[in-house]
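Numbering (UniProt numbering), first residue to last: 1 to 292.
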(Lines of atoms letter the chains of each structure in order from A and count residues from 1; the text may use other names and numbers.)
(Lines give C-alpha, C1' and ligand atoms only; values in the text may rest on other atoms or scores of the structure.)
Protein backbone atom coordinates (compact mmCIF):
# COMPACT_ATOMS: atom_id res chain seq x y z
CA UNK A 1 0.00 0.00 0.00
CA UNK A 2 1.54 3.25 -1.13
CA UNK A 3 1.82 6.12 1.27
CA UNK A 4 0.86 9.64 0.20
CA UNK A 5 2.85 12.49 1.63
CA UNK A 6 0.94 15.70 2.26
CA UNK A 7 3.01 18.83 2.19
CA UNK A 8 1.99 21.57 4.62
CA UNK A 9 0.28 24.60 3.09
CA UNK A 10 2.07 27.93 3.03
CA UNK A 11 -0.67 29.45 5.20
CA UNK A 12 -0.07 26.88 7.92
CA UNK A 13 3.67 27.50 7.90
CA UNK A 14 3.25 31.29 8.00
CA UNK A 15 3.75 32.82 11.43
CA UNK A 16 0.81 34.34 13.27
CA UNK A 17 -0.15 37.89 12.45
CA UNK A 18 1.10 40.39 15.00
CA UNK A 19 -0.26 43.88 15.58
CA UNK A 20 3.02 45.74 15.58
CA UNK A 21 3.91 48.98 13.88
CA UNK A 22 7.69 48.78 13.96
CA UNK A 23 9.31 45.51 13.02
CA UNK A 24 9.35 43.01 10.17
CA UNK A 25 5.98 41.77 8.93
CA UNK A 26 5.47 38.49 7.08
CA UNK A 27 2.05 39.50 5.76
CA UNK A 28 1.13 42.10 3.15
CA UNK A 29 0.02 45.55 4.23
CA UNK A 30 -3.59 44.91 3.19
CA UNK A 31 -3.86 41.66 5.15
CA UNK A 32 -7.09 41.20 7.15
CA UNK A 33 -7.17 38.37 9.72
CA UNK A 34 -10.18 36.08 9.99
CA UNK A 35 -10.99 37.23 13.53
CA UNK A 36 -10.97 40.91 12.60
CA UNK A 37 -14.68 41.42 13.37
CA UNK A 38 -14.73 39.27 16.50
CA UNK A 39 -14.21 42.30 18.76
CA UNK A 40 -16.74 44.52 16.98
CA UNK A 41 -18.98 46.45 19.37
CA UNK A 42 -22.12 48.43 18.61
CA UNK A 43 -23.39 51.47 20.51
CA UNK A 44 -21.02 50.99 23.44
CA UNK A 45 -20.83 54.66 24.43
CA UNK A 46 -24.37 55.58 23.38
CA UNK A 47 -26.53 56.62 26.31
CA UNK A 48 -30.22 55.90 25.69
CA UNK A 49 -32.49 58.87 26.25
CA UNK A 50 -35.89 58.88 27.88
CA UNK A 51 -38.86 60.95 26.79
CA UNK A 52 -39.07 62.71 30.14
CA UNK A 53 -35.42 63.75 30.01
CA UNK A 54 -35.76 65.07 26.47
CA UNK A 55 -38.95 66.87 27.41
CA UNK A 56 -37.18 68.61 30.28
CA UNK A 57 -34.39 69.79 27.98
CA UNK A 58 -36.92 71.03 25.42
CA UNK A 59 -38.51 73.32 27.99
CA UNK A 60 -35.64 75.79 27.66
CA UNK A 61 -36.50 76.29 23.99
CA UNK A 62 -40.20 76.43 24.86
CA UNK A 63 -39.57 79.16 27.42
CA UNK A 64 -37.62 81.29 24.97
CA UNK A 65 -40.32 80.93 22.31
CA UNK A 66 -42.93 81.92 24.90
CA UNK A 67 -40.92 85.00 25.91
CA UNK A 68 -40.47 85.97 22.27
CA UNK A 69 -44.19 85.52 21.55
CA UNK A 70 -45.11 87.55 24.64
CA UNK A 71 -42.76 90.33 23.58
CA UNK A 72 -44.27 90.48 20.09
CA UNK A 73 -47.80 90.42 21.49
CA UNK A 74 -47.05 93.32 23.83
CA UNK A 75 -45.43 95.18 20.94
CA UNK A 76 -48.63 94.73 18.95
CA UNK A 77 -50.69 96.06 21.85
CA UNK A 78 -48.42 99.11 22.09
CA UNK A 79 -48.65 99.67 18.35
CA UNK A 80 -52.45 99.50 18.41
CA UNK A 81 -52.67 101.74 21.47
CA UNK A 82 -54.47 99.09 23.51
CA UNK A 83 -51.74 98.88 26.17
CA UNK A 84 -50.52 102.14 27.75
CA UNK A 85 -46.77 102.54 28.06
CA UNK A 86 -47.06 103.32 31.77
CA UNK A 87 -48.82 99.99 32.39
CA UNK A 88 -46.07 98.10 30.59
CA UNK A 89 -43.36 99.91 32.58
CA UNK A 90 -45.15 99.02 35.80
CA UNK A 91 -45.43 95.40 34.65
CA UNK A 92 -41.70 95.30 33.85
CA UNK A 93 -40.83 96.74 37.26
CA UNK A 94 -42.99 94.14 38.98
CA UNK A 95 -41.45 91.33 36.92
CA UNK A 96 -37.95 92.56 37.75
CA UNK A 97 -38.67 92.60 41.49
CA UNK A 98 -40.20 89.12 41.45
CA UNK A 99 -37.36 87.72 39.35
CA UNK A 100 -34.66 89.34 41.45
CA UNK A 101 -36.18 88.05 44.71
CA UNK A 102 -36.46 84.56 43.22
CA UNK A 103 -32.88 84.66 41.94
CA UNK A 104 -31.53 85.77 45.32
CA UNK A 105 -33.51 83.09 47.16
CA UNK A 106 -32.08 80.36 44.93
CA UNK A 107 -28.46 81.46 44.81
CA UNK A 108 -28.01 83.80 47.79
CA UNK A 109 -25.51 85.89 45.89
CA UNK A 110 -25.82 88.87 48.24
CA UNK A 111 -25.44 91.45 45.48
CA UNK A 112 -28.60 93.44 46.12
CA UNK A 113 -26.94 96.84 45.97
CA UNK A 114 -25.19 96.01 42.71
CA UNK A 115 -28.42 94.73 41.13
CA UNK A 116 -30.37 97.85 42.13
CA UNK A 117 -27.59 100.10 40.85
CA UNK A 118 -27.49 98.29 37.50
CA UNK A 119 -31.28 98.50 37.17
CA UNK A 120 -31.24 102.25 37.82
CA UNK A 121 -28.44 102.81 35.29
CA UNK A 122 -30.16 100.78 32.58
CA UNK A 123 -33.49 102.52 33.17
CA UNK A 124 -31.91 105.98 33.08
CA UNK A 125 -29.94 105.12 29.94
CA UNK A 126 -33.01 103.87 28.08
CA UNK A 127 -35.12 106.80 29.22
CA UNK A 128 -32.58 109.34 27.99
CA UNK A 129 -32.05 107.65 24.62
CA UNK A 130 -35.68 106.84 23.84
CA UNK A 131 -36.30 109.96 21.69
CA UNK A 132 -33.15 109.24 19.67
CA UNK A 133 -33.85 105.54 19.26
CA UNK A 134 -37.39 106.25 18.05
CA UNK A 135 -36.10 108.26 15.08
CA UNK A 136 -33.07 106.05 14.42
CA UNK A 137 -34.71 104.02 11.63
CA UNK A 138 -37.95 105.95 11.23
CA UNK A 139 -37.27 106.73 7.57
CA UNK A 140 -37.00 103.03 6.68
CA UNK A 141 -40.11 101.36 5.28
CA UNK A 142 -42.15 99.10 7.53
CA UNK A 143 -41.68 96.09 5.24
CA UNK A 144 -37.90 96.33 5.60
CA UNK A 145 -38.17 96.83 9.36
CA UNK A 146 -40.38 93.79 9.89
CA UNK A 147 -38.27 91.61 7.59
CA UNK A 148 -35.07 92.58 9.42
CA UNK A 149 -36.68 92.03 12.83
CA UNK A 150 -37.94 88.59 11.73
CA UNK A 151 -34.45 87.59 10.58
CA UNK A 152 -32.86 88.76 13.84
CA UNK A 153 -35.42 86.99 16.01
CA UNK A 154 -35.01 83.74 14.06
CA UNK A 155 -31.24 84.01 14.44
CA UNK A 156 -31.56 84.52 18.18
CA UNK A 157 -33.92 81.54 18.38
CA UNK A 158 -31.34 79.33 16.66
CA UNK A 159 -28.49 80.49 18.91
CA UNK A 160 -30.27 80.68 22.26
CA UNK A 161 -30.16 76.98 23.30
CA UNK A 162 -26.46 76.70 22.41
CA UNK A 163 -24.15 75.63 25.27
CA UNK A 164 -21.45 78.02 24.08
CA UNK A 165 -21.31 81.40 25.80
CA UNK A 166 -20.43 83.26 22.60
CA UNK A 167 -23.55 82.00 20.86
CA UNK A 168 -25.67 83.02 23.86
CA UNK A 169 -24.25 86.54 23.77
CA UNK A 170 -24.95 86.78 20.05
CA UNK A 171 -28.54 85.64 20.66
CA UNK A 172 -29.01 88.38 23.26
CA UNK A 173 -27.50 90.99 20.96
CA UNK A 174 -29.66 90.02 18.00
CA UNK A 175 -32.83 90.03 20.11
CA UNK A 176 -32.13 93.49 21.52
CA UNK A 177 -31.21 94.73 18.02
CA UNK A 178 -34.53 93.46 16.68
CA UNK A 179 -36.26 95.30 19.52
CA UNK A 180 -34.47 98.52 18.58
CA UNK A 181 -35.60 98.09 15.01
CA UNK A 182 -39.22 97.52 16.01
CA UNK A 183 -39.16 100.49 18.38
CA UNK A 184 -39.05 102.88 15.43
CA UNK A 185 -42.61 101.86 14.51
CA UNK A 186 -44.06 103.06 17.82
CA UNK A 187 -45.72 106.49 17.99
CA UNK A 188 -44.19 107.99 21.15
CA UNK A 189 -40.94 108.07 23.09
CA UNK A 190 -42.60 106.60 26.19
CA UNK A 191 -43.68 103.60 24.12
CA UNK A 192 -40.11 103.13 22.91
CA UNK A 193 -38.83 103.27 26.48
CA UNK A 194 -41.36 100.69 27.65
CA UNK A 195 -40.57 98.33 24.76
CA UNK A 196 -36.80 98.54 25.25
CA UNK A 197 -37.18 98.01 28.99
CA UNK A 198 -39.21 94.90 28.21
CA UNK A 199 -36.51 93.75 25.76
CA UNK A 200 -33.79 94.04 28.40
CA UNK A 201 -35.83 92.00 30.87
CA UNK A 202 -36.93 89.37 28.35
CA UNK A 203 -33.72 88.78 26.41
CA UNK A 204 -30.95 89.71 28.87
CA UNK A 205 -32.20 88.90 32.37
CA UNK A 206 -34.73 86.14 31.75
CA UNK A 207 -32.17 83.60 30.35
CA UNK A 208 -30.07 84.02 33.51
CA UNK A 209 -33.04 83.46 35.80
CA UNK A 210 -34.30 80.53 33.72
CA UNK A 211 -30.93 78.76 33.79
CA UNK A 212 -30.60 79.22 37.55
CA UNK A 213 -34.11 77.87 38.11
CA UNK A 214 -33.50 74.90 35.80
CA UNK A 215 -30.33 73.84 37.61
CA UNK A 216 -31.69 74.27 41.15
CA UNK A 217 -35.41 73.40 41.18
CA UNK A 218 -36.91 71.17 38.52
CA UNK A 219 -40.51 71.32 39.76
CA UNK A 220 -40.80 75.12 39.97
CA UNK A 221 -38.97 75.37 36.65
CA UNK A 222 -41.59 73.22 34.91
CA UNK A 223 -44.43 75.14 36.56
CA UNK A 224 -42.99 78.53 35.61
CA UNK A 225 -42.44 77.40 32.03
CA UNK A 226 -46.06 76.25 31.75
CA UNK A 227 -47.36 79.56 33.11
CA UNK A 228 -45.01 81.46 30.84
CA UNK A 229 -46.21 79.47 27.82
CA UNK A 230 -49.82 80.44 28.57
CA UNK A 231 -49.13 84.16 29.02
CA UNK A 232 -48.75 84.97 25.27
CA UNK A 233 -52.18 83.44 24.62
CA UNK A 234 -53.70 85.84 27.15
CA UNK A 235 -51.86 88.81 25.62
CA UNK A 236 -52.83 87.85 22.05
CA UNK A 237 -56.49 87.74 23.02
CA UNK A 238 -56.45 91.56 23.35
CA UNK A 239 -55.09 92.14 19.84
CA UNK A 240 -57.59 93.78 17.53
CA UNK A 241 -56.22 92.28 14.32
CA UNK A 242 -55.29 88.62 13.83
CA UNK A 243 -55.34 87.61 17.48
CA UNK A 244 -57.05 84.25 16.96
CA UNK A 245 -54.82 83.27 14.04
CA UNK A 246 -51.71 84.10 16.04
CA UNK A 247 -52.96 82.08 19.00
CA UNK A 248 -53.52 79.01 16.80
CA UNK A 249 -50.09 79.32 15.19
CA UNK A 250 -48.43 79.80 18.56
CA UNK A 251 -50.21 76.79 20.09
CA UNK A 252 -49.16 74.57 17.17
CA UNK A 253 -45.55 75.75 17.41
CA UNK A 254 -45.35 75.25 21.17
CA UNK A 255 -46.83 71.74 20.99
CA UNK A 256 -44.53 70.79 18.11
CA UNK A 257 -41.38 71.99 19.87
CA UNK A 258 -42.27 70.75 23.35
CA UNK A 259 -43.76 67.35 22.54
CA UNK A 260 -43.01 66.63 18.88
CA UNK A 261 -39.30 67.42 18.99
CA UNK A 262 -38.43 65.00 21.84
CA UNK A 263 -40.65 62.31 20.30
CA UNK A 264 -38.90 62.62 16.92
CA UNK A 265 -35.45 62.46 18.53
CA UNK A 266 -36.46 59.44 20.61
CA UNK A 267 -37.78 57.68 17.49
CA UNK A 268 -34.61 58.40 15.50
CA UNK A 269 -32.45 56.98 18.29
CA UNK A 270 -33.31 53.43 17.24
CA UNK A 271 -31.50 53.99 13.94
CA UNK A 272 -28.25 55.07 15.60
CA UNK A 273 -25.41 52.62 14.94
CA UNK A 274 -22.03 53.49 16.45
CA UNK A 275 -19.41 50.85 15.63
CA UNK A 276 -16.30 50.30 17.74
CA UNK A 277 -13.49 47.91 16.99
CA UNK A 278 -9.74 47.33 16.75
CA UNK A 279 -9.47 49.85 13.93
CA UNK A 280 -10.18 52.78 16.24
CA UNK A 281 -7.17 54.90 17.20
CA UNK A 282 -5.76 54.29 20.63
CA UNK A 283 -6.73 56.78 23.32
CA UNK A 284 -3.84 57.54 25.71
CA UNK A 285 -4.64 57.49 29.41
CA UNK A 286 -2.78 60.43 30.92
CA UNK A 287 -2.42 60.19 34.67
CA UNK A 288 -1.66 63.23 36.81
CA UNK A 289 1.94 63.56 37.82
CA UNK A 290 2.73 62.64 41.40
CA UNK A 291 5.58 65.12 41.49
CA UNK A 292 3.24 68.10 41.32
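Using N, Cα and C, we set each Cβ at its ideal position, and we do this for glycine too.
Cβ contact check for the segment 196-208 and the segment 73-93: 3 or more pairs under 8 Å: Contact between the segment 196-208 and the segment 73-93 is present: 3 or more CB-CB pairs across the two stretches fall below 8 Å.
Distance, residue 274 Cα to residue 158 Cα: 27 Å
Buried or exposed by the 16-neighbour rule on C-beta atoms within 10 Å, applied to residue 76: buried
Supposed close pair residue 178, residue 153 - CB separation, criterion 8 Å: 5 Å
DSSP-derived helix/strand/coil call for residue 286: coil
Completely contained alpha helix (DSSP H) runs for the segment 187-239, where each covers 4 or more residues: 189-200, 206-216, 218-236
Rounded C-alpha distance that separates residue 241 from residue 262: 33 Å
Rounded separation between residue 250 and residue 228 - CA only: Their Cα atoms are separated by approximately 13 Å.
CB-CB length for residue 95 against residue 201, believed under 8 Å: 6 Å
Where residue 191 falls, given that 16 or more other Cβ within 10 Å makes a residue buried: buried
Whole runs of the alpha helix (DSSP H) within the segment 33-109, excluding any shorter than 4 residues: 51-80, 85-107
CA nearest to the CA of residue 180, picked from 140, 211, 48, 216: Measuring from the Cα of residue 180, the nearest candidate turns out to be 140.
Simplified DSSP state of residue 185, which is helix, strand or coil: coil
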